[in-house]
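Enquirer: Residue numbers (our numbering): 59 to 329.
C-beta atoms are modelled at their ideal positions from N, C-alpha and C, and glycine is treated no differently.
Let me give you the structure first, and then I'll get to my questions.
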Ligand SMILES: [Zn+2]
């Protein structure tokens, strides 16, 4: 599943080819993905200029003069830039034809993605209740500690709640907690200020490193004919249960927490 670092990498890859471009054609090949694609979207988009491509959580926001096109890649979606005469592949559900002659296509085999239009992204139901961006300035130890006050939920569940902070998916939550030496099951109300600071730094570092490694993996976006090969990262705990901890050689343990696979070092991350 594309996570925040992949979506950010995709955004950075398409910006040079899409920002400032006029949309000279749009094709909707399916009526709906996760939600119905707005009727007439191809007419709405025609002759609009893509002023800016922003990201909020895992949504890509194509800001145009009269509104914003929202794209979400769901479980299996990806974007590719192709020549317009490339025959659409199976599951190529939506595309924008740009004045520079490139075609931006959305392929989504499982159809959990989204293609939506809004004139007011800030108050859109999918966006308005989201917590801050993990790489933004609002995401601080003070903020987290305030949100955690008088709550006893497990730390990992807390940082994966998109109302608390967006984009900390399961892999990144596992890795950041290991880096911060915090047990995933720690009740959030018991965490000290220094540990919050450590955790915020760890989350930012984990995501920033993933974005950096993605930038090298997805270097030539225009060539992507098949799947983009979402980047393989060096993972310290996720998927490593039963193997020795890279810090202390203790065997990593796996538990289920909030129905998600959770791996940690019982020594480095003691409760
Ligand atoms: Zn360890």
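Going straight from the alpha carbon of residue 277 to that of residue 307, what length do you get?
Expert: Residue placement at residue 277 cannot be trusted, given a pLDDT of 43 that sits under 50; what the coordinates show is reported in the next sentence. Each residue's alpha carbon lies about 36 Å from the other.
Enquirer: Output the boundary residues of the alpha helix (DSSP H) element that contains residue 296.
Expert: Residue 296 -> no alpha helix (DSSP H), and no H or E assigned at all.
Enquirer: In three-state DSSP terms, what is residue 212?
Expert: strand
Enquirer: With a threshold of 7 Å, establish whether the CB of residue 305 neighbours any heavy atom of ligand 1.
Expert: yes
Enquirer: For residue 65, which three-state DSSP category applies?
Expert: Residue 65 falls in the helix class under three-state DSSP.
Enquirer: What is the DSSP secondary structure of residue 71, counted as helix, strand or coil?
Expert: helix
Enquirer: Can you tell me whether residue 329 is buried or exposed, with buried defined as 16 or more other CB within 10 angstroms of its CB?
Expert: exposed
Enquirer: Mind checking whether residue 245 and residue 267 have CB atoms under 8 Å apart?
Expert: Not in contact: residue 245 and residue 267 (Cβ atoms no closer than 8 Å).
Enquirer: Is the beta carbon of residue 148 less than 8 Å from the beta carbon of residue 131?
Expert: no
Enquirer: Check each candidate in 235, 251, 99 and 242 and name the one with the smallest Cα separation from residue 261.
Expert: 235
Enquirer: Compare the Cα-Cα distances from residue 118 to each of 144, 107, 179 and 104 and report the closest residue.
Expert: 179
Enquirer: Taking residue 160 as the reference, which of 81, 101, 175 and 91 has the closest Cα?
Expert: Selected option, being the one with the closest Cα: 81.
Enquirer: Please go through the region 93-168 and give each complete alpha helix (DSSP H) segment of 4 or more residues, from N-terminal end onward.
Expert: 99-103
Enquirer: Using a threshold of 7 Å, is the CB atom of residue 244 nearer than that to any non-hydrogen atom of ligand 1?
Expert: no
Enquirer: Roughly how many angstroms separate the alpha carbons of residue 122 and residue 162, rounded to a whole number?
Expert: 16 Å
Enquirer: Does the beta-carbon of residue 320, which I'm using as the reference point, lie nearer than 7 Å to any heavy atom of ligand 1?
Expert: no
Enquirer: Would you mind reading off the limits of the alpha helix (DSSP H) that contains residue 202?
Expert: 199-206
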